[in-house]
Amino acid sequence: MIILKAFERLEKSLDVIPKEILKKLRINNYKQMIIENDVKNTKNLFTIFCSIFQFIAKEENLKIEDDILIDYTTLSIADYFSRVFYDGVFDHKEMFKLPCANLCYKEYILHAGKLKININPAVAKTEAYYYTQNVLNIGGIEIGIAREMEKNWTNFTDGFATSIYNIEYFVSKYVKNDFWIDFFYFYLLWRQILDDSNDFAEDYSNNELKSFGIFALLKKFSYLNYVNLKNPIISIKFKLYVLNNYKEIYADLIKRFEEELAKKIKVADFYKTIEKIEAFLPC
């Protein structure tokens with residue numbers, strides 16, 4: 000199994016981490032997910048992240064050696080884990096994850112070098128993103144700043160810059176079909192919207208508004224120049240507005256996403272490809 004072999008390569012480099020820390024990081028859960036590759040797991044972002052190269056090869060009827068797919072998959076897994084652990088550090092202040100995040104990031108850089116991928120432009124975008132995320136801190140908010148962030152809402156894909164670049168390089172070398180670059184870009188954007196929509200309450204409790212929250216804020220307070228969400232009355236009004244209009248806000252957010260998507264690929268093709276990749280059982 001290509002994903003399992005790639006995972007085990009990365010696992011060897013993580014042997015330096017104390018077992019009690021590895022247990023807290025729950026890396027073994029991901030390995031179990033690969034072994035128990037059932038329908039639920041194929042829909043998981045991790046599985047799709049790691050099987051994308053095999054899926055593209057299958058869809059394009061490409062004959063690519065397993066060793067090459069293992070190399071690209073190892074690159075992808077290291078990239079994924081570094082992002083997961085850095086997110087834990089930045090989002091939840093889980094500093095014990097930092098050494099493992101750095102180790103996975105180093106493995107990503109080493110594997111990119113092995114594959115002769117010039118990742119410097121993508122790395123520059125990703126690293127900068129951690130300091131300039133498309134996130135509003137809850138407190139006094141200038142609506143003009145929120146509107147500017149909303150206008151540039153696709154900027155949070157910069158956080159996936161390395162992942163997108165991996166696909167771009169693979170496609171340019173083996174496939175020559177830009178559909179896959181566009182698909183993966185919008186797939187990651189779509190997943191981020193889903194996550195931000197599902198995690199609105201958690202993000203709010205962490206004093207943050209992300210794509211869904213920013214979109215809702217502008218729908219509710221677009222007539223104001225300034226709003227203070229630390230004000231208990233305003234905060235309650237806003238949370239009640241989101242609670243009572245969740246489906247409508249989400250539908251409008253997806254509509255905006257699909258308008259952007261349609262500039263690159265057919266909306267129906269995008270969702271059809273998601274169904275196909277979620278049904279794909281990589282081996």
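Count the sequence shown with numbering that gives the first Met the number 0 and you get residues 0 to 282, in order. Just so you know, even glycine gets a beta-carbon here, dropped at the ideal spot from N, CA and C.
Pick out whichever of the options has its Cα sitting closest to the Cα of residue i.
i: PHE182; options: ASN224, TYR245, LYS4, TYR270; result: TYR270
i: ILE116; options: GLY87, ASP70, PHE80, TYR168; result: TYR168
i: SER221; options: LEU97, TRP189, ILE144; result: ILE144
i: THR153; options: ILE163, ASN165, LYS172, ASN133; result: ASN133
i: ARG82; options: LEU109, GLY112, LEU252, GLU126; result: GLU126
i: ILE51; options: VAL174, ILE264, LYS263; result: VAL174
i: VAL122; options: LYS42, THR161, ILE253, ARG190; result: THR161
i: LYS229; options: PHE214, ASN205, LYS218; result: ASN205
i: ASN224; options: ASP37, TYR104, ARG146, LYS263; result: ARG146
i: TYR186; options: ILE34, PHE48, ASP14; result: PHE48
i: ILE1; options: TYR71, LYS39, LYS23; result: TYR71
i: LYS124; options: PHE159, ALA261, THR272, LEU135; result: PHE159
i: CYS99; options: TYR130, ILE273, ILE20, ILE63; result: ILE20
i: TYR245; options: ASP195, ASN60, TYR104; result: ASP195
i: ASP268; options: ASN36, TRP179, GLU247; result: TRP179
i: LYS238; options: TYR184, LEU135, GLY212; result: GLY212
i: LYS172; options: GLU7, ILE264, LEU114; result: LEU114
i: LYS263; options: LYS39, ASN176, TYR240, LYS18; result: ASN176
i: LYS275; options: VAL15, LYS57, ASN165; result: LYS57
i: TYR203; options: LYS218, LEU242, TRP189, ARG190; result: LEU242
i: TRP189; options: SER210, VAL170, LYS96; result: SER210
i: LEU24; options: PHE214, GLU93, ASP157; result: GLU93
i: LYS150; options: LEU217, LYS236, ILE33; result: LEU217
i: PHE279; options: ALA215, ILE33, ILE235; result: ILE33
i: TYR16; options: GLU59, LYS96, THR131, LYS39; result: Inspection of the sequence shows that residue 16 is occupied by Ile rather than by Tyr. If we check each option's Cα against that of ILE16, LYS96 comes out closest.
i: TYR129; options: ILE166, LEU135, LYS105, TYR85; result: TYR85
May I ask you to report which of helix, strand or coil DSSP gives residue i?
i: LEU13; result: helix
i: LEU208; result: strand
i: ASN117; result: coil
i: GLY139; result: strand
i: SER196; result: helix
i: ALA261; result: coil
i: VAL88; result: helix
i: LEU24; result: helix
i: SER221; result: coil
i: THR73; result: helix
i: ILE63; result: coil
i: GLN132; result: coil
i: ASN151; result: coil
Hey, quick one: how far does the beta strand (DSSP E) through residue i stretch, first residue to last?
i: VAL226; result: 225-227
What are the boundary residues of the alpha helix (DSSP H) that residue i is part of?
i: GLY158; result: Per DSSP, GLY158 belongs to no alpha helix (DSSP H) and is neither H nor E.
i: GLU274; result: 266-277
i: ASP37; result: Element bounds for ASP37: n/a, residue is neither H nor E.
i: VAL174; result: Run containing VAL174: none; DSSP gives neither H nor E here.
i: LEU239; result: 231-243
i: GLU93; result: It is not in any alpha helix (DSSP H) - GLU93 carries neither H nor E in the DSSP assignment.
i: ILE47; result: 44-58
Compute the beta-carbon to beta-carbon distance between residue i and residue j, rounded to the nearest angstrom, for a pair I have assumed lies under 8 Å.
i: GLU207; j: ILE140; result: Actually they are not in contact, since the Cβ atoms of GLU207 and ILE140 sit about 12 Å apart, beyond 8 Å.
i: ILE76; j: LEU9; result: 5 Å
i: ILE163; j: PHE256; result: With 8 Å as the limit, ILE163 and PHE256 do not qualify as a contact, their Cβ atoms being about 16 Å apart.
i: TYR29; j: PHE54; result: The Cβ separation is near 18 Å, so there is no contact.
i: ASP66; j: TYR107; result: The pair is not a contact, with the Cβ atoms about 18 Å apart (cut-off 8 Å).
i: PHE89; j: CYS103; result: In fact, because the Cβ distance is near 15 Å, the residues do not count as touching under 8 Å.
i: ILE142; j: VAL226; result: 7 Å
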